[in-house]
Structure formats: structure tokens, C-alpha cells
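Working notes, structure below.
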Amino acid sequence: MSNNSISQEHYKYLKKIKRRKQIISITQVTIFILAIILWEIAARLDLIDTFLTSSPSDIVKMFVKMVEGGDLAYHVGISIVENIVGFTAGTFLGVIIATALWWSDFWAKVLEPYLVVLNTLPKTALAPIIIIWIGTGYQGIIVTAIITSVVITIMNMFNSFISVDEDKIKLLKTFGASKLQTFTKLVFPQSIPAMISTLKVNIGLSWIGVIVGEFLVSRAGIGYLIVYGGQVFQFDLIMMSLFILTIVSVVMYKLVSIIENKYLKWHQ
Amino acid sequence: MSKEPILKIRDLSMTYHRLNGEVKAIERIDLDVYEGEIIGIVGPSGCGKSTLLSIIAGLIKPSSGQVLLNGKKVEKPTKDIGYMFQSDQLFQWRTILDNVLLGLEIQGRVTKESKKNAENMLETYGLGDFINSYPGQLSGGMRQRAALIRTLIVEPKLLLLDEPFSALDYQTRLAISDEVGLILKKEKKTVLMVTHDIAEAISMSDRIVVLSNRPATIKDIIEIKLTVPQGIWSPIKCREAPEFRHYFNKIWKELDVHVK
Ligand SMILES: Nc1ncnc2c1ncn2[C@@H]1O[C@H](COP(=O)(O)OP(=O)(O)O)[C@@H](O)[C@H]1O
Ligand SMILES: [Mg+2]
């Protein structure tokens, strides 16, 4: 469609839609900035107790101090690595197990109730045991992160695998496809969108596992900074850690979205 | 057509077993199909038409009886039999070319020549501009044409079409059935085509097999001889033949449709 051929009326319509989108974005940003400013003002005028709420300028100061000392990069780096290993391994393991279940109808049926029960269990409740079993280092934290995402991955992927159209499987059979070919040519590619959306969810779940693990292990990482901040009543540190956690997880989520849009053109 | 039949169906019966009972879908069907023939299969819905095709394709085992392709018993899917479904079943993450090559890929037969051949076929049948497009970018008719090429490219000796046009709207359906009819005749294919559209069956087939209500038995086999205007055969022109109405009424009566 070329732009010079559209009617005046359609042009107005497009402009209206665009305008509305802009207003929504502007309002969103304004709310954020206003909240920060109000927070700062309230802190300066002693309307709130900065001992319990911190203030934007104190958070920035804390941020600068920790960046200069090199502590921040260390703690954030550790958490990010734990998180990435956690959700990649969780997703990978989940896909492998789902594949095995797809392969064997019998075992899928046998294991189904176990999965359902495991899925309802809040995985972080297992963190203390895992850390005792695996060790109180980053390994324990990573395994906690894996456990939080693996069960839901198995369920999502298995459901996606079995929702493939019967006629498509029949079609492959008429070409003489083996079970492995049916999986690699049809079942798996068809499930890639499901895998990416599971991956997105897993980033968040894995963060839960990492933070809880770091709370318990209490040696390094963003979770450790939060717990430590709480113990010594350093709210600047807690708030700064929360901000960084938010930013890091949003960036990771966005990265996956970008990859998704790039490689899944057919999916729309 | 006086030679040995390419396909022999002998005393074929099929019963499905389910927890809540058994369903007899096919009962004692015998049929010979000769090379180059297009056979239409019509019958009430749910009578066992798809079951019959699935058995011929070797996708399901019959309860008794056998299917012989060139004298050899069909027990599992073979590359000599191509199957086309009601909807195109194109893989939406593959380009049209890659979709068309699917069968060859599975059989490990993709070569430079076969690729070239696929491109040529897409070109010949009006999909030349869409070789690298994704199925989502094509209309229903084009997609069904791509599905046909995907089936033809593995060079099956026998083609099974299960209501291949019923997912299309009426006008596309007329156009595509005309095109497909011409393609099948040009490629001299032997075809078994299930349809619930009597006119479509008459316009495309050399013979029509009328099936009874479930369990499907052969009620009648009707040879179609149409005087085509100007002598150039095409399914659309067949619809203008003077004998068309006669066949239509005959089959309509035999199908004995009652709206309940
Ligand atoms: N896999 C199956 N298991 C049990 N019953 C089936 C199965 N497939 C088809 N049937 C039954 O067999 C009968 C014939 O089905 P089908 O061959 O699909 O009919 P048609 O294609 O003529 O509409 C129907 O009553 C259907 O419910
Ligand atoms: Mg059917």
C-alpha cells in the first residue's frame, strides 16, 4: 500500500490512532516521573520517614557509590549469571523431558498425576532442602532456579506437542516419516512459539528462584543485597536493588521478544 | 483400460473398537481401479469414506480383506500413494517451496534437480511468484494448489483426495476443482477422490462409486460418459454436458438423502 494513494479521510483516521498512542505513552512516562518527583519532595519536606522509604536522590547516591566501589557489578553479575543458567537449563531440561513424554504415551499417562501435583507445589518451598542437598554456593541457587521453571516448562511443552493436528501427522506418515522425523519436521517446529513464550515466563520464575536462593545462602547477588539491606536497615540499598532487579528483568524479557519477532515472522 | 488394475480392493471390512462399543465403518468392499482413472467416491457423511481412504493409504489396518497396489499388499504407508486432505495442511513456518519439498525431504530425495522440478511445477501452476512466501500470505485456493503439488512431486502412482475442496468457498472451489481436474488429467494420474458434492464428482470423474449408509458398502458404480461441448475436456465444461443432469438425478436418488 502506498501512502500517496490514501484518502484524506483515511489519513485523518490514521493520524487519530497515532495521536492516541502517543498520548498513552506520554501519560505513562509522566506518571512515572511525577511519582519520582513527589517521592523526592515528600522526602525533602520530611513528610515521609526516609529511614523506611529512602528517597530517589539517596538511591542514586547509593548507586553511584556502589558502582565506584565495583560491588554493584559483582553482585548484579552473579545474579544475572545464576538467572540465565537457571532459566536456560530449566527450559532445556523441560523441553527434553516433554519430548520423552511425547515419545512414550505410556509414561506420559503414568507421570501425569505426579506432574500435576508438582505443578501446584510452590517450588520455592523446596529451596531450603535443595540448598542443603546441593550445597550453599551458587550451585544450590541455580538448582533452585531450575526447579522453579522446569515443571511448568514440561507441562506447557507437552501440551503444545500433543496439540499438533492429527491430519498433519497423517500427512507425514503418508510420506513414510519416522517418529523422529515427525518430531523434528512437525511437532517441534510447531511448538517453537510455545517454547518462546514459556522461556519468557521462565525468566521471571527463575528470578524468583535466584532471589529466594540468595536470601537463604546470603553470600552474594541482588537477593543478598536486599537481605543485607534489611538486616542493617539500609533502605537505600534495598530500594536500589529492587530498581536494578526490575530493569534487568525487563531488559531480558525485551531481548527475548526481539528475538521472537525476528525469527518468527510466520507466526503472525 | 483393459489391463490389470493398478489397485485392487478385496473384501475389505473395518470395525472400530471403542470403550462404549464398536462401529462397523466398512463392510465387504471390492473395487478395481485402472491406471489413469479418476474415481469419485460419494456417500452419506459418516459412512466410512475417510476410513476407506486411510486403509488404502496404509494408515490404518482393516479388520479383514486386503488392498493390493500393483499386486503388492499395502500394509503401511508407501511413497507410491499420495494423500490430500480437506484442508491444505501446509506448515506455516515453511516457505511454499519448502512445503512442496516436504515429502522428498522425508524420503531423503531432495536434489538440485528435484528442487528445480518443484520450482518449475510451482511456476506452471501459477505459484511462481510465491515460491518464497509463507502459507499465511496465500489465498485458500493457492494453498490447496500448493498442497496438490506437494503430493504430486513425490510421483505417487495413486492419489487419494479426501474432500479436497470442501474447505474453500463456492467460487474458489469451482475454479480450483477445474484446475486440479486438468492437472490430474495432464499428469495422467490415477485418482480416488472422496467428495460430498455430486456435481463435482460427475464433472471430474471417469467412474463414480456410490456408497451406502454406514457401514459403507458399494451401492453402485456409475460410468460417466459426457459429451463435452467442442470436444475439449475440462471439469467446468463437463457441467454443461447434456447427460450431466441425468447422472446428477441418478446419484441423488441412490444417495437417498433424507433430512431428519
Ligand atoms: N479413529 C476412529 N475411532 C473410532 N471410530 C471412528 C474413527 N474414525 C472414524 N470413526 C467412525 O467411523 C465412521 C466413519 O467415519 P469416516 O470414515 O470418517 O466417515 P466419512 O469420511 O464418510 O464422513 C463414523 O461413524 C466415525 O465416527
Ligand atoms: Mg471424511
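The listed protein sequences derive, respectively, from chains Y and G.
For the record, in the first sequence the residue sitting at position 156 is 156 according to the numbering used here, with numbers rising by one throughout.
For the record, in the second sequence the residue sitting at position 74 is 74 according to the numbering used here, with numbers rising by one throughout.
Even glycine gets a Cβ: it sits at the ideal position worked out from N, Cα and C.
Predicted, not measured: the structure shown is a model, and the values here were computed from it.
Interface flag for Ala177 of chain Y against chain G is set, since a Cβ pair is found closer than 8 Å.
Here DSSP, grouped into helix, strand and coil, assigns Ile132 of chain Y to helix.
For the pair of segments examined, the region 98 to 105 of chain Y was found to touch the region 177 to 193 of chain Y: the number of CB pairs separated by less than 8 Å reaches three.
Taking 8 Å as the CB threshold, Tyr83 of chain G lines the interface with chain Y. Not a single heavy atom of ligand 1 lies less than 7 Å from the C-beta of Lys61 of chain G.
Cβ-Cβ distances below 6 Å link Leu226 of chain G to Cys238, Ala241 and Glu243 in the same chain, with the five nearest sequence neighbours on each side left out; the list follows chain order. Between the alpha carbons of Ile211 of chain Y and Arg219 of chain Y lies a gap of roughly 12 Å. Taking C-beta atoms as the reference points, Glu27 of chain G and Thr190 of chain G fail to come closer than 8 Å.
Here the alpha carbons of Pro62 of chain G and Leu7 of chain G stand approximately 16 Å from one another. In this structure, Glu163 of chain G has its beta carbon less than 7 Å from a heavy atom of ligand 2. A contact is defined here as three or more CB-CB pairs under 8 Å, and the region 124 to 144 of chain Y meets this definition with respect to the region 78 to 94 of chain Y. The residues Ile238 and Ser241, in chain order, have a CB closer than 6 Å to that of Ile226 of chain Y in the same chain once the five nearest residues on each side in sequence are set aside. With 16 or more other CB atoms across the displayed protein chains lying within 10 angstroms of its CB, Ser177 of chain G is buried. At a cut-off of 8 Å between beta carbons, Thr184 of chain Y makes no contact with chain G. Ligand 2 never approaches Ser205 of chain G closely enough for any of its heavy atoms to be under 7 Å from the residue's Cβ.
For Leu205 of chain Y, same chain residues with a beta-carbon under 6 Å away, outside a window of 5 residues either side, are Thr148 and Ser149 in chain order. Secondary structure at Tyr125 of chain G: coil, using DSSP grouped into helix, strand and coil. By the 16-neighbour rule on beta-carbons within 10 angstroms, Phe161 of chain Y is buried. Taking 8 Å as the Cβ-Cβ cut-off, the region 225 to 256 of chain G has no residue approaching chain Y. Scanning the region 49 to 120 of chain G from its first residue to its last, the whole alpha helix (DSSP H) runs of 4-plus residues come out as 49 to 56, 96 to 100 and 102 to 106. Chain Y has no Cβ within less than 8 Å of the Cβ of Val180 of chain G. The beta-carbon of Gln144 of chain G is placed no less than 8 Å from the nearest beta-carbon of chain Y.
Looking at the DSSP output, Lys24 of chain G shares a beta bridge with G:Thr15.
Below the 9 Å Cβ cutoff, chain G contributes no neighbours of Thr198 of chain Y, its closest Cβ being approximately 17 Å away. If you draw a straight line from the Cα of Leu90 of chain G to the Cα of Phe165 of chain G, it comes to about 15 Å. Contact annotation: the region 73 to 85 of chain G touches the region 50 to 61 of chain G, with at least three C-beta pairs closer than 8 Å.
Not a single heavy atom of ligand 2 lies less than 7 Å from the C-beta of Lys225 of chain G. The three-state reading of DSSP puts Lys262 of chain Y in helix, counting H, G and I together. The beta carbon of Lys109 of chain Y does not come within 8 Å of any beta carbon belonging to chain G, so the residue lies off that interface. Taking a beta-carbon distance threshold of 8 Å, Val154 of chain G counts as an interface residue toward chain Y. In chain order, Leu237 and Ile238 place their CB closer than 6 Å to the CB of Gly229 of chain Y, counting only its own chain and leaving out the 5 sequence neighbours on each side. In the displayed model, Ile38 of chain G falls within a strand according to three-state DSSP.
Counting the other CB atoms within 10 Å of its CB gives Thr182 of chain Y a total of 16 or more, which places it among the buried residues.
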